[in-house]
Amino acid sequence: MERIKQKKTGKPDRILLAAVLVLTVSGLVILFSASSYNGSVRFGDPAYYFKKQLFAAALGLLVMYGVSRIDYHCFLALAPWAYLLSLILSTAVLFAGQEINGSRRWLSLGPLSFQPSEFAKVAVILFLAWQIGRTKGDTSHIWIMCRTMLTLFPVVGLVGSNNLSTAVIILGTGGLLIFVSNPRYLPFVGMGAAAAAFITVFLAAESYRLERLAIWRDPEKYEKGFQTIQGLYAIGSGGLFGRGLGSSLQKLGFVPEAQNDMIFSVICEELGLAGAGCLLMVFALLLWRLCVNASHCRDLEGALISAGIMGHLAIQVILNIAVVTNTIPNTGITLPFISYGGTSVVFLLAEMGLALSVSSSRK
């Protein structure tokens, strides 16, 4: 009860807030440039995707402000219910989900579509922080580690059935939270080996996953490697300073869905290595502030929330850039704050509100 009654003792992290605002505004500008051609061809409006993203960003900023003004312990009290709701929504999307581009990942709410997997990311962070924080004994005990990991499997299985990339992010975030709360290192060697074995079996279970591996190894040999090749052309043609904002050639139908997971290739083409580097520096600044806030938090739960958000963002940014540069097989992961996706932006900004609330109570 003392933790719930704890008052905020400081102001939100202004550097963290500034980084979030820079990424949000930059994302809108970059998205307008990357999506203008597809918007004109498909909907007769170059600003079609931009308008929808602008509405989602405005809503997300309001949510971020509201969440940042509330003590994060209040959200921890609701964490079990949030996790249960994520399981219900992830199950519902399997039976009543809306199929877009061959993937059943959305639930329709009237004129709006909602992606439950984005809510599951936030719910898992809160639930694991609540669960580990309630452990009164030694968090290094192997049973506590196994119990915590087992609670992840239901949501990872449901989400992974139609969205493998998000399931990987959730699993990685959960593993990071267990690592942060555990003073030992050796058990994680075994966990890493088990995870590698699981991923190997999981990839071999479906032929299309093995096909993605083959495309990754030799994209020129397969028709589905066209997107990867065109993305690499875009990156290479940008040079040091790029062609200029709005001057990309590869987005003119050569890079499919340029406003989604391949948007980093358009950034490299239009803004060059210098522009892409500046964007990555802002991401690094954001992750650094989340790490600082986790290190200086007054309680374990707050530290885990901040570390979980940091892990989620770091994993998603690294995987997206690795896919675009063909370092790993294509997984369909979007770039946070930049790629098109209303649900993603709203929940990302809600996470930032949680991080700001945590930073208000740091030492």
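In case it helps, our numbering puts the sequence shown at residues 64 to 426.
In this text, a Cβ means the ideal position worked out from N, Cα and C, and glycines have one as well.
Bear in mind that the values here come from a model prediction, so they are computed numbers and not experimental data.
Our two residues, Phe182 and Ser149, have alpha carbons roughly 7 Å apart in a direct line.
Taken through DSSP and simplified to helix, strand or coil, Arg361 comes out as coil. Per DSSP, Thr388 lies in no alpha helix (DSSP H) and is assigned neither H nor E. Within its own chain, the residues whose Cβ lies closer than 6 Å to the Cβ of Tyr146, once the five positions on either side in sequence are excluded, are Ala186, Phe190, listed in chain order. Using a Cβ distance threshold of 8 Å, Ile326 and Ala97 count as a contacting pair. Residue environment: Met127 is assigned as buried (16 or more neighbouring CB atoms within 10 Å of its CB, all protein chains considered). In the DSSP assignment, Phe138 falls within the alpha helix (DSSP H) that extends over 135-140.
Short of 6 Å from the beta carbon of Gly416, and not among the five residues preceding or following it, lie these beta carbons of its own chain, in chain order: Met127, Val130, Ser131. Your pair Leu349 and Ser89 does not check out as a contact, with CB atoms roughly 12 Å apart and the cut at 8 Å.
About 20 Å separates the Cβ atoms of Ala119 and Val329, ruling out a contact at the 8 Å cut-off. Looking at the DSSP output, Leu170 shares a beta bridge with Phe177. Here the segment 224-232 makes contact with the segment 375-395; the two share three or more CB pairs at distances below 8 Å.
Counting along the chain, Pro217 sits inside the alpha helix (DSSP H) bounded by residues 216-223.
For Ala159 and Leu170, the gap between their C-alpha atoms comes out near 7 Å. With contacts defined by Cβ atoms closer than 8 Å, Ser402 and Asn323 form a contacting pair. A check of alpha carbon separations from Val345 across Lys74, Pro75, Thr87 identifies Thr87 as the nearest. Collapsing the DSSP output to three states places Thr406 in a helix. Between the C-alpha atoms of Val222 and His136 there is a straight-line separation of about 27 Å. The residue among Ala192, Val219, Leu312 with its C-alpha nearest the C-alpha of Ser300 is Leu312. Pairing Ile241 with Thr214 gives a Cβ-Cβ distance that is not under 8 Å.
In this structure, DSSP gives Phe327 a helical state, which the three-state scheme calls helix.
In this structure the segment 350-360 lies against the segment 73-87, because at least three pairs of beta carbons, one per stretch, are closer than 8 Å. The residue from Pro109, Gly107, Arg280 with its alpha-carbon nearest to that of Pro392 is Arg280. Residue range 289-301 is occupied by the alpha helix (DSSP H) that includes Leu295. Residue state for Leu148 is assigned as helix, using DSSP reduced to three classes.
Secondary structure note for Phe118: its alpha helix (DSSP H) is the uninterrupted segment 111-131. Glu283 is classed as exposed because its beta carbon has fewer than 16 other beta carbons within 10 Å across all chains shown.
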